[in-house]
Amino acid sequence: MKLELRGITKRFGALVANDHINLVVNSGEIHALLGENGAGKSTLMNVLYGLYTADEGDIVLDGVVHRFKGPGDAMAAGIGMVHQHFMLIPVFTVAENVVLGHEPTGILDTLDLDTARKLVREISDRFGFEIDPDALVEDLPVGAQQRVEIIKALARDAKVLVLDEPTAVLTPQETDELMGIMKGLAKAGTSIVFITHKLREVQAVADRITVIRLGAVVGEAKPTDSAATLATMMVGRAVDLSVTKKTPKRGEAGLSVTGLTVIGDRNNKVVDDVSFEVHAGEVLAIAGVQGNGQTELAEALVGLRTPSAGSIHLGKIDITHSSVREVIDAGVGYIPEDRSKDGLVGDFTIAENFMINRSYGPPFAKGLTIDFANRERIAAELIDAYDVRTPSQVTLAKKLSGGNQQKVVVARELSRELNLLIASQPTRGVDVGSIEFIHDRIIATREAGKPVVIISTELDEVTTLADRIAVMYRGRIVGIVDAKTSRETLGRMMAGATV
Amino acid sequence: MSTVVTPGLFSQVDVSVSKKTPYLMAAFAVFVLVAFGFVGKTDIVAFQWSKEEDLIHLPDFLVASNVVGLVLGTVLVAIAVFSFVLAQRTRVTPLWLTLVFGLLAVVALLAWLAAGNTLPFAFILGNAVVLAVPLALGAMGGIMSERVGVVNIAIEGQLLTGAFLAAVVGSLTDNLYLGLIVAMIGAALLSMVLAVFSIQYLVDQIIVGVVLNVLVLGITNFLYAQWLSNDGQNSNFPGTFPIIPIPGLSAIPVIGPALFEARITTYLAYVIIPVLWFILFKTRLGLRARSVGEHPLAADTVGINVAVTRFWWVTIGGLVAGLGGAALTIGAVGAFGRNMSGGQGFIALAVVILGRWHPFSAAAAALLFGFSIVLRIWANQVSPGIPTDFITIVPYVVTLIAVVGFVGRVRAPAATGKPYIKG
């Protein structure tokens, strides 16, 4: 099916998320939509999928103009979508999820789950997915959940399949598998729209590339174009994401973790006998596919979770059972992975967000009251030093873009005397300019002789920043290797192979 | 605090089974053995299984109170020991065993209370069912609402509305069936207010629920004082539905008269509970409803209308709760009283949670609470010396033990209480 978007415009208040976007995807073509975080890719696809209504413009399928009132209309017209955040019901089985919304039924509206199972098995076998129709979705690893999403779209005869940042949760090997699946689907006649900001993937799989920036199409590119050309188109200027690091001056062990075990909500060892050391002036990156215990490890390190065994030492001090406040006072800076949930209070101003981890004493509080004059001065300094683009320091944090929100968190955590920095997904959902800035700051912390722990699922980020890399898999550390280790080896480790 | 963690990925902890269930059991077993057995009363208890007029009349079973205590106490000790053995072998005491334990402990207590008296078993069970019906129906309304993601604090108000309208309309028109229908519609309209405010206008569901409860209480109190108490003969004297024995079933000894010599409100509950279970777990309608309560955005992306689904399930849930309200008046005592529901809507809310949003488990939980109410009434009559409060807590203690016996966490529908805002 040939998909055409003609002059799609979508506004949210004063913000123009999509500005007269034109896009043509031919039948059986893999068309990459390349753009930075916040460029308007997902908005465009939500318009295509009927979740948003466009203010202007037409969606044309095989020459026929369509108006979608909701996702149901879009699906009926042959559009399927695999969302970045999976649209699956965790407590339902695979078969139930696949047929939800177009269920086969018997008498009295009863569900015909046998037909549903057969449908799942048939599609699963056709593409070699190996999915059990009766498995509960919440029990499946993310890679398998994504395949369930693809089955869901194919079960409705999707002729146009939209994949929104599909590789964010996959290992390099799983990414390769997904690309194989995409090529197979395209060969079978499905048109694929592949939304991403990763140049490597675009070059590997796309037939054609459309680049969008700040809500508008900046041009078409060919997969044979160099990464530098694509990056320049995407960001609007030459980008250099490599960081210059001095050779590490390894000092004393700043953080020693021994035999740390954390029991999760379902009585499983989400962190399983983990031991490592981070030296002063060193960046240790913890790599791994999302959901392998990295979150819980970080939360245990800062006192948000109680370990069931093992110890955490900051220098000579034992902080295994310290409260969060004691950990903060010991000089641990923490950039949480989800800034809007754990990093900021969205309804607080920027200045208020700067003080929330030091609300009880100087420099922000004087006795029982807030030292407003001091706070105003410090906030102004931080906004300036960390390049937070905001109308004022009394702007609510939730009004800022992702990159600027992250800079507020980074500014708060780095602006005090630290003995350890823990940064979890420090650049997730952040624009390239902010990524460069945040990476520089993290390296500056290392150069200042502090131990730094980076937790990231982005392999590029891990290899750029780290001095050593620890790979986590199913709660355990599979191995700790040098930062120059090849992507292939790291990928195998992320799938559980020991070195 | 945490992101989506894929379970099954991690190695399970070798759990040593907690011994709190066996210890609790042992404490209760020893208490029963000593208090009701060794130092128990020697008077004779007459276990009355059936009434004279029952088709199959079982003779009363006469036994000394302390003998019952000794026998049951020994059985309880045996169960407790068995539970210890299970825990030693890292196995959890099964739920049914915990329930049997609770049941036997309560029987021992009853035998002690009724020393020198009769223990009207059929009477207690039959009344427990009658008292459980409004709770169960209120809980079904709550389940319907919460399964699609709307917290229904307003069950209390819906019960009260149903109770009032059933009594008044039944009385004025002299037609109880008309009273029943109006009661259901009235409660459904009240539920519709909750639905519109929480789904359309995104007002906090708890606040709307509380406001509705206070509103209904105020209106019915006012009307009762100004109207019903002066004109009771015309407007608040509906009588009750006739008791219809079901041929055959009602002849079953002990449980027959308790379950199958009942009013239409009770029989409707017998129908509604399994039907709701069937719809929720076996049909397309139920699958869609549950998807809306678990992950509304996901439901939306496959073309399910979240707002419409929520609206109708909440409204129909009100209809069912209204029936429960009618059961309070024309299904039981035959008149409306000030604040008739008296917090039963909130108990129904507890029943929803104890029953884990499942119709059958909720019905069992409702029966437990029904039993506790009748126990209080009866115990007060036979043994006036014992503080009623003490007797009243017994079933709740049993409930607590039952909950301790539950393995795994109670999990509400994931989107309960969260408004769904479309982009």
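As you go down the protein sequences, you meet chains W and R in turn.
Per our numbering, residue 1 is the first one in the first sequence, and the count goes up by one each step.
Per our numbering, residue 1001 is the first one in the second sequence, and the count goes up by one each step.
For glycine and all other residues, C-beta sits at the position ideal for the given N, C-alpha and C.
Since this is a predicted model, take the numbers as computed values, not measurements.
CA-to-CA distance, residue j to residue i, given in whole angstroms
| i | j | result |
| --- | --- | --- |
| Gly1149 of chain R | Val1030 of chain R | 45 Å |
| Thr1161 of chain R | Gly1239 of chain R | 18 Å |
| Gly219 of chain W | Gly346 of chain W | 35 Å |
| Thr1003 of chain R | Glu296 of chain W | Here the model assigns Thr1003 of chain R a pLDDT of 37, short of 50, so the residue's position is not dependable, and the following value carries that caveat. Taking the straight line from one Cα to the other gives about 9 Å. |
| Pro1274 of chain R | Phe1038 of chain R | 45 Å |
| Thr196 of chain W | Phe276 of chain W | 34 Å |
| Gln1158 of chain R | Gly1322 of chain R | 6 Å |
| Gly403 of chain W | Asp431 of chain W | 6 Å |
| Asp112 of chain W | Arg1290 of chain R | 17 Å |
| Ala470 of chain W | Ala285 of chain W | 6 Å |
| Asn268 of chain W | Met493 of chain W | 21 Å |
| Gly259 of chain W | Ile328 of chain W | 23 Å |
| Val1302 of chain R | Asp272 of chain W | 38 Å |
| Val1352 of chain R | Thr190 of chain W | 47 Å |
| Ala1108 of chain R | Gly1073 of chain R | 8 Å |
| Ile1252 of chain R | Ala1269 of chain R | 20 Å |
| Lys484 of chain W | Arg468 of chain W | 9 Å |
| Phe129 of chain W | Gly184 of chain W | 12 Å |
| Asn1380 of chain R | Thr93 of chain W | 51 Å |
| Ala1327 of chain R | Gly70 of chain W | 43 Å |
| Ala186 of chain W | Ile438 of chain W | 38 Å |
| Thr1006 of chain R | Lys152 of chain W | Note that Thr1006 of chain R scores 44 on pLDDT, short of 50, meaning its location in the model is unreliable; the coordinates nonetheless yield the value given after this. Looking at the two C-alpha atoms, the distance is approximately 20 Å. |
| Met1025 of chain R | Leu140 of chain W | 38 Å |
| Leu15 of chain W | Ala54 of chain W | 14 Å |
Assigned secondary structure, residue i (DSSP; H/G/I helix, E/B strand, else coil)
| i | result |
| --- | --- |
| Val98 of chain W | helix |
| Lys1282 of chain R | helix |
| Asp73 of chain W | helix |
| Met81 of chain W | strand |
| Ile59 of chain W | strand |
| Ser308 of chain W | coil |
| Lys484 of chain W | coil |
| Ala1364 of chain R | helix |
| Gln203 of chain W | helix |
| Thr9 of chain W | strand |
| Phe348 of chain W | coil |
| Gly1209 of chain R | helix |
| Glu122 of chain W | helix |
| Phe1336 of chain R | coil |
| Thr53 of chain W | coil |
| Asn18 of chain W | strand |
| Leu1202 of chain R | coil |
| Pro1007 of chain R | At Pro1007 of chain R, the pLDDT of 41 sits below 50, so the modelled position is not reliable; the number obtained from the coordinates is stated separately. It is coil, neither helix nor strand. |
| Ile1056 of chain R | coil |
| Glu4 of chain W | strand |
| Gly402 of chain W | helix |
| Asn46 of chain W | helix |
| Asp114 of chain W | helix |
| Gln425 of chain W | coil |
| Phe1028 of chain R | helix |
| Val1168 of chain R | helix |
| Leu329 of chain W | Per the sequence shown, residue 329 of chain W should be read as Asp rather than Leu. Reduced to three states, the DSSP call for Asp329 of chain W is helix. |
| Phe68 of chain W | coil |
| Gln294 of chain W | helix |
Cβ-heavy atom distance, residue i to the ligand NAP, below 8 Å
| i | result |
| --- | --- |
| Gln1048 of chain R | The model depicted lacks the ligand NAP and carries no ligand whatsoever. |
Residues bridged to residue i [DSSP beta-bridge criterion]
| i | result |
| --- | --- |
| Tyr473 of chain W | W:Arg476 |
| Ile1244 of chain R | R:Ala1262 |
| Ala514 of chain W | What is shown of chain W runs 1 to 499, which leaves residue 514 of chain W out entirely. |
For this session: Take every Cβ of the segment 196-216 of chain W, pair it with every Cβ of the segment 15-26 of chain W, and state whether three or more of those distances are shorter than 8 Å.
Result: Yes: at least three Cβ pairs fall under 8 Å.
For this session: Note down, one range per segment and in chain order, each beta strand (DSSP E) of at least 3 residues found wholly within the segment 1096-1160 of chain R.
Result: For the segment 1096-1160 of chain R, whole beta strand (DSSP E) runs of length 3 or above, ordered along the chain, are 1118-1120.
Exercise. Is the segment 1297-1307 of chain R touching the segment 1134-1145 of chain R in the sense that three or more CB pairs, one from each, lie closer than 8 Å?
Worked result: Under the 8 Å Cβ criterion, the segment 1134-1145 of chain R does not count as touching the segment 1297-1307 of chain R, having fewer than three qualifying pairs.
Exercise. Are the segment 1084-1098 of chain R and the segment 1039-1048 of chain R touching by the rule of at least three beta carbon pairs closer than 8 Å?
Worked result: Short answer: they don't touch.
Exercise. For the segment 95-114 of chain W against the segment 158-169 of chain W, are there 3 or more C-beta pairs whose distance is under 8 Å?
Worked result: No contact exists between the segment 95-114 of chain W and the segment 158-169 of chain W.
Exercise. With a cut-off of 8 Å, do at least 3 Cβ pairs link the segment 325-339 of chain W to the segment 403-420 of chain W?
Worked result: Remark: three or more beta-carbon pairs, one from each stretch, lie closer than 8 Å, so the segment 325-339 of chain W and the segment 403-420 of chain W are flagged as touching.
Exercise. Any contact of the segment 1308-1319 of chain R with the segment 1175-1191 of chain R, i.e. 3+ C-beta pairs under 8 Å?
Worked result: Contact between the segment 1308-1319 of chain R and the segment 1175-1191 of chain R is present, with at least three C-beta pairs closer than 8 Å.
For this session: Would you check if there are 3 or more beta carbon pairs closer than 8 Å linking the segment 387-402 of chain W to the segment 344-361 of chain W?
Result: They touch, by the three-pair rule.
Exercise. With a cut-off of 8 Å, do at least 3 Cβ pairs link the segment 1352-1364 of chain R to the segment 1138-1146 of chain R?
Worked result: The answer is yes - the segment 1138-1146 of chain R touches the segment 1352-1364 of chain R, with three or more Cβ pairs under 8 Å.
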